[in-house]
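Comments concern the structure below.
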Amino acid sequence: MRFQGKLTNWNDDKGFGFVEPNGGGDRSFVHIKSFQKRSRRPAEGDLIIYEQVKEPQGKFKAINVSLVADRKVRPEPPKKSANPGALIVVTFSVILTATVLLKYLPPEVLYLYIATSTIAFIFYAFDKSAAKNGRWRTPESHLHFLSLVGGWPGAFYAQKSLRHKSSKTEFKRVYWATVMMNIFAFVWLFTGQGRHFLLAIVG
Numbered sequence: 001m002r003f004q005g006k007l008t009n010w011n012d013d014k015g016f017g018f019v020e021p022n023g024g025g026d027r028s029f030v031h032i033k034s035f036q037k038r039s040r041r042p043a044e045g046d047l048i049i050y051e052q053v054k055e056p057q058g059k060f061k062a063i064n065v066s067l068v069a070d071r072k073v074r075p076e077p078p079k080k081s082a083n084p085g086a087l088i089v090v091t092f093s094v095i096l097t098a099t100v101l102l103k104y105l106p107p108e109v110l111y112l113y114i115a116t117s118t119i120a121f122i123f124y125a126f127d128k129s130a131a132k133n134g135r136w137r138t139p140e141s142h143l144h145f146l147s148l149v150g151g152w153p154g155a156f157y158a159q160k161s162l163r164h165k166s167s168k169t170e171f172k173r174v175y176w177a178t179v180m181m182n183i184f185a186f187v188w189l190f191t192g193q194g195r196h197f198l199l200a201i202v203g
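The numbering of the sequence shown is full-length UniProt numbering, which starts it at 1 and goes up by one.
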């Protein structure tokens, strides 16, 4: 059990004194060696936190002592901010699904994104396993190509859930470049040229 009390009769030259617990009770002997990670030498009147043990002679001694002033307030856990990458993926997925359901785009476009995202996730998983076990790695150019042709949503969730390639700055820069290029291509599909292209592909 931990107590809080006031340091009294402190003899700094000899490094000992006593502590009177707040609220009353048995006072305890305090030695400077019982202090843990103190920022300065104790002084008369300091508030301290300590544990109390009873010595064979019947007297009490303070152990595991710390200055109240040294106790750090626990920082509040950082608030989770919205992940802009996740927001982009979710927003794009909703728009993609809506445009297919409303028949602005053929379902084959949705199938392409699902297929390439699935393949991208699998490639990321294989690459992480290869990195751990010293096997042949998947070239980064292959991962970027999958993102470029529509697998970037799956690649994004692979990076987050597998924690793979998520902290490599250069890789992330190229990845987001492929995302932007793919989104531009997606928007282009709604133009006259884009519609003609789709008709030529899916018939």
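Even glycine gets a Cβ: it sits at the ideal position worked out from N, Cα and C.
Legend entry - Pick from V68, V109, F121, F184 that is closest to R2, judged by C-alpha positions: V68
Inset, instruction - Could you please give the first and the last residue of the uninterrupted beta strand (DSSP E) stretch that includes L162? - result: It is not in any beta strand (DSSP E) - L162 instead sits in the alpha helix (DSSP H) that spans 152-162.
Inset, instruction - Quick one: measure Cβ to Cβ for D70 and R41, integer angstroms, because I've assumed they're closer than 8 angstroms. - result: Their Cβ separation, rounded to whole angstroms, is 12 angstroms, which puts D70 and R41 out of contact at 8 angstroms.
Inset, instruction - Whole angstroms is fine: what's the gap from A115's alpha carbon to F92's? - result: 16 angstroms
Legend entry - Which of helix, strand or coil DSSP assigns to T8: strand
Inset, instruction - Could you check what DSSP says for S166 in three-state terms: helix, strand or coil? - result: Coil.
Inset, instruction - Would you tell me roughly how many angstroms separate the C-alpha atoms of R137 and G192, rounded to the nearest one? - result: 41 angstroms
Legend entry - Range of the contiguous alpha helix (DSSP H) that encloses F190: Per DSSP, F190 belongs to no alpha helix (DSSP H) and is neither H nor E.
Legend entry - Reduced DSSP secondary structure (H/G/I, E/B, other) of S66: strand
Legend entry - 6 angstroms CB neighbourhood of I63 in its chain, flanking five on each side removed: S34, E51, V53
Legend entry - Check whether V109 and L199 have beta carbons under 9 angstroms apart: Going by C-beta atoms, V109 is not nearer than 9 angstroms to L199.
Legend entry - Chain-order list of residues whose beta-carbon lies under 7 angstroms from that of P106 (same chain, five-residue window excluded): L198, V202
Inset, instruction - Classify P84 as helix, strand or coil using the three-state DSSP reduction. - result: Residue state, collapsed to three classes: helix.
Legend entry - Continuous beta strand (DSSP E) stretch holding I48: start and end: Segment 47-54, the beta strand (DSSP E) holding I48.
Inset, instruction - Mark R27 as exposed unless 16 or more other C-beta atoms lie within 10 angstroms of its C-beta, in which case mark it buried. - result: buried
Inset, instruction - Might you give, ordered along the chain, the residues of its own chain that have their beta carbon closer than 7 angstroms to the beta carbon of H31, omitting 5 neighbours on each side? - result: Excluding residues within five positions, the ones whose Cβ falls inside 7 angstroms are G15, F16.
Legend entry - Own chain, CB closer than 6 angstroms to S117, minus 5 neighbours either side, in chain order: G151, P153, G154
Legend entry - Buried or exposed (CB count within 10 angstroms, at least 16 for buried), A158: buried
Legend entry - Chain-order list of residues whose beta-carbon lies under 7 angstroms from that of L148 (same chain, five-residue window excluded): T178, M181, N182
Inset, instruction - Starting from F16, follow the beta strand (DSSP E) in both directions and report where the run begins and ends. - result: 16-21
Legend entry - Backbone secondary structure at V39 - three-state DSSP: Per the sequence shown, residue 39 should be read as Ser rather than Val. For S39, the secondary structure class from DSSP, reduced to helix, strand or coil, is coil.
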